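Read the structure below first, then the notes.
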Amino acid sequence: MQDPAHSGPTPVTIWVWLLVLVVAGLVLLFFEEMSHTTITILLMAIAAVKATLVLRHYMHLKAQPAMLYVIAFTPVLLAVVMALILIPDVAYR
Amino acid sequence: MSVHAPAHAAVAHETAHAGSFWRSHVFSVDHKTIGKQYLGIGIGMALVGGLLAYLIRWQLAWPGTPVPGFGWVPEPMFYEGIVPETSYNAFVTMHGTIMVFFVAMPILLGAFGNFLLPIMVGAPDMAFPRLNMMSVWTLGLASLVMLSSFFVENGPASAGWTGYAPLSADATYTADVYWGLNLWIIALMLEFASFLMGGVNFLTTAINMRAPGMTLWRMPLLVWMQLVAAVLFMLSVGPLVAAALMLLGDRTLGTAFFLPERGGDALLWQHLFWFFGHPEVYVILLPGFGIVMEIMPVFARKPFFGYRTVVWATIAAGALSFVVWAHHMFVSGIDPRLANPFSVTTILISVPFSVMVGCMLLTLVGGSIELATPMLFALGTLGTFLIGGVTGIYLGAAALDMYMHDTYFVVAHFHYTLFPSVILGGLAGLYFWFPKMFGRTLNEPLGKLHFWLTFFSFNAVFIPLFFVGLAGHMRRLYDPTQYDLLEPLMDTFPFVSHAFVTKAAIVLIVSQVLLLVNVVWSLLAGEHAADNPWKANTLEWATSSPPPHGNFATLPNVYRDPYEYTPPGSKDDWLPQTAPAAGAAR
Amino acid sequence: MSAAAASEPLRSGVEGGEFARMPLGRAGMWWFLASEVMVFGTLIATYSLNRVAAGGWDAERAHVNARIAAFNTFVLLTSSLTVVLSLQAAHEGLRARARRFLLLTVLLGCVFLGMKSLEYGTEIAHGYTPASGPFWSYYYLMTGLHGLHVLGGIVANVLLWIGLGRPGAERLEPRIEFLGLYWHFVDVVWIFLFPLLYLS
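Residue numbers (my numbering), protein chains in the order written: chain L, 5 to 97; chain S, 1297 to 1882; chain F, 1440 to 1639.
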């Protein structure tokens, strides 16, 4: 089985980046002139980056066969489709 | 890997004998035993579901009269044998719930999936045998919880098997049924957990544990169907798990998910339920089709027509099944702009299914058909399902559905899709694989009689219901005679009457005794089955009946596709998958 | 029922390419996680849509404790690190070290839950219960379900930690990876819950 320390950043390096991103998210809140929507989008983007780091480097997704990406991301896609279809009924009651 | 007493010869008697093998058969991790345990649960719950159907049918034909055989049940469930409204709602709810979740899924996925999938791909067992055991025990627990809900104060769940909010979200809306519905939710969540565990096993086993030569394109179609069904279930059940927790919160913790008076959204329940509910019906249908697809080539002595086409069609149907759900909600108050897209997708999804049905029919064309009992049931499944499928197209058009929604037309439609897949398909599978599973042969003439009685009485029950529905009869109605409009449907017309339908239903239910007699007699005193009584090609027929622990004496090597029947230039009309390829492989 | 039967990896052939060579537990866990994504994905989607419909729920959200949640975020991220370090140690044959990191993971998980109970306790004391309206309903369900998943992970890791200290531990070592996958997933869910419920 692959050793994560061999190729790419070490687990501790990833951890440091994760903490940096958490702080970045908290810092964003001090920008009071930014609109609610912008802050939300930026926070979600930061969350996505953090999730990607965990998925790729901690869960070793990048070392797995492509099919595993399909297994991992199909439900995400499906949840997004569900959310989009529900917009007319739930978000605009 | 064997963990229990190796007494292979006695396995054939296991269901008839209690005693020294009780422990190894109750706590077994062998997928074949677990499959039989699922079958036992499914058949047991089918008796309960059938009993509930009898109660419903009696009340519809002769409302307010005592049901024969139920005079002893105490109040408030019955009043000297008479069914009150509250109980009627409960029976309708529990009939649907039990049939879908505790009969259809355990029999088609739990029993046939568990028993056959590892053998058909050449594996010694499922990937996670202990998880498998836990899954059937969880289902057993779920069944007990569901049945226990009959005995709590104010009775079992009575908000329909679909449990729509706000009716289901507050006990005061369902005649104070509190624990009945809570237990219903809990039992369902346990059932979901059971099949999630099963799904993990099915997918890992079929993808990761195939025998040498068993490429994905050489897997029997039943395996493909079970896999797609497993994926559909795994991806669709999440929203309902979330919704069930939300509903439980509304009922017990005062949360505000679905109750408008607390700021909730009642329609959200329907969206989440049907997001799961529609893929769920294909989770049930696909294994039923899979059984038919295995049987037809064997009894037509002809390869399956369009193997890869059917696989791609199944995958397409599976993908589409996630974007059709709101066709159950056309009249619920959804945004009207959603009606058209969902009608389109619903009509679209009939295309891959038509392809599948077409391929099944073309498998028969030019074959030398033998009408053995499994084949009769398989043909019956196909024929009756066609009616169900076509009537679904009518309902999928929003404009038409506005008039037909929540009438008996819908009831007839879904019984014409569910009954063929679950009962006719399940019976086809039982008659076909009984020799393999239990090492005994079922009585053929008795089987044929069982088929004809079941087939005719089933059609006699449900064809009239299409017309009853079109005449304006609404679903879940306790007493049709309360409406003058429905009065003529009680006993006036020759076939389109509740009285006729109920009599046919009683014939249908009683006919199943033939199956029980056949099974019990065969297990006790039936002829021992050969390894391959049907001269079939797939791997389960290349081992003993029943197979030993580990399924095969030695790991099979697979050289052929699964349906090489009447191959050109061969003296036999069949070539098992393990027969070495003399010439070019396909 | 012997332990050997369950953890002996069942194998039957080479069909399936990389998938056939993958440990069964890894494939199985990813399938399970896919279904879990749907559960949390649904809650996140419905929460977000309802929040838009309700106009943001700003008044209610002012009462959540972002500080405890931020601290918990650090705790959970660190626990993901310790899981990976445990796995690394197991690969290098250092079982005692692997066990120590596993224990650390469990402890961090307990800290998470402890802080969470503190958080709930304060909120309930101020009168914010699941019955306090739609926002609180979603808040308690999402964080509560997540917390239950953390608890499940803790229990599983404790059992693994115990098993690794007993004879026959070699067969259990692959499970560090599988439980690790589950733990990281729980971490990823929190990565999304934190900004959604506490920050934005």
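Idealized CB from N, CA, C, for every residue including glycine.
Please read these numbers as outputs of a predicted model, since none were measured by experiment.
In terms of Cα proximity to Leu1851(S), the closest of Ile1378(S), Pro1402(S), Pro1414(S), Val1399(S) is Pro1414(S).
When 7 Å is used as the limit between beta carbons, Gly1559(S) is near these residues of chain F: Gly1572, Pro1573, in chain order.
With fewer than 16 neighbouring CB atoms inside 10 Å of its own CB, Gly1865(S) falls in the exposed class. As summarised for the region 1520–1564 of chain F, the continuous alpha helix (DSSP H) elements at least 4 residues long and confined to that stretch are 1534–1564, given in chain order. Put simply, the backbone Cα of Tyr1460(S) is about 6 Å away from that of Gln1566(S). The three-state reading of DSSP puts Tyr1774(S) in coil, since its state is none of H, G, I, E or B. The Cβ of Leu65(L) sits no closer than 7 Å to any Cβ of chain S.
For Leu72(L), the closest Cβ of chain S is not nearer than 7 Å. For the pair Thr1501(S) and Ala1596(S), the CB atoms are not nearer than the 7 Å cut-off.
Taking a Cβ-Cβ threshold of 7 Å, the residues of chain S close to Pro79(L) are Leu1531, in chain order.
At a C-beta separation below 9 Å, Met38(L) has no neighbours in chain F, since its nearest C-beta there lies roughly 11 Å away. In terms of Cβ geometry, Pro1634(F) and Leu47(L) form a close pair [threshold 7 Å]. Boundaries cannot be given for Phe1398(S), as no alpha helix (DSSP H) includes it and DSSP labels it neither H nor E. Secondary structure of His1769(S) (DSSP, three-state): coil. Counting other Cβ atoms within 10 Å of its Cβ, Leu1598(F) stays below 16 and is therefore classed as exposed.
For Ala1498(F), not one C-beta of chain S is nearer than 7 Å to its own C-beta. For the C-beta of Asn1489(F), the chain L residues within less than 7 Å are, from N- to C-terminus, Val94.
Among the residues facing chain S, Met1581(F) is not included, as its CB has no counterpart in that chain under 7 Å away.
Contacts with chain F (Cβ-Cβ distance below 8 Å) from the region 1457–1485 of chain S involve no residue at all. Residue pairing by DSSP places Arg1736(S) opposite His1824(S) in a beta bridge.
For Arg1353(S), the number of other beta carbons within 10 angstroms of its own is at least 16, and it is reported as buried. Using a Cβ-Cβ distance cut-off of 8 Å, the region 1518–1534 of chain S and the region 1586–1604 of chain S are in contact, since at least three pairs of beta carbons, one from each stretch, lie closer than that value. Spatial neighbours of His1623(F) in its own chain (CB-CB distance under 6 Å, excluding positions within 5 residues in sequence) are listed in chain order as Ser1519. One finds Leu1516, Thr1517, Ser1519, Leu1520 in chain F with Cβ atoms closer than 8 Å to the Cβ of Trp19(L), taken in chain order. For Thr1713(S), the enclosing alpha helix (DSSP H) begins and ends at 1704–1715.
The Cβ-Cβ distance between Ser1454(S) and Ala1386(S) falls below 7 Å.
Taking C-alpha positions only, Met1430(S) is separated from Ser1490(S) by approximately 8 Å.
Around Phe1458(F), the beta-carbon contacts reaching into chain L at under 8 Å are Pro69, Met71. By alpha-carbon distance to Ala1756(S), the top candidate from Tyr1712(S), Leu1348(S), Arg1771(S) is Tyr1712(S). Using beta-carbon distances, Leu90(L) counts as an interface residue toward chain S, with a partner under 7 Å.
Fewer than three pairs of CB atoms, one per stretch, sit closer than 8 Å, so the region 1573–1580 of chain S makes no contact with the region 1591–1607 of chain F.
Distances from the alpha-carbon of Gly1338(S) to those of Asn1428(S), Thr1434(S), Ala1407(S) put Ala1407(S) closest.
By the criterion of at least three beta-carbon pairs nearer than 8 Å, the region 1352–1368 of chain S is not in contact with the region 1322–1333 of chain S. By the beta-carbon neighbour count (other beta carbons within 10 angstroms, threshold 16), Lys54(L) is buried. Ile1689(S) carries a helical assignment under DSSP once its states are collapsed to helix, strand and coil. The beta carbon of Thr1512(F) sits closer than 7 Å to some beta carbon of chain L.
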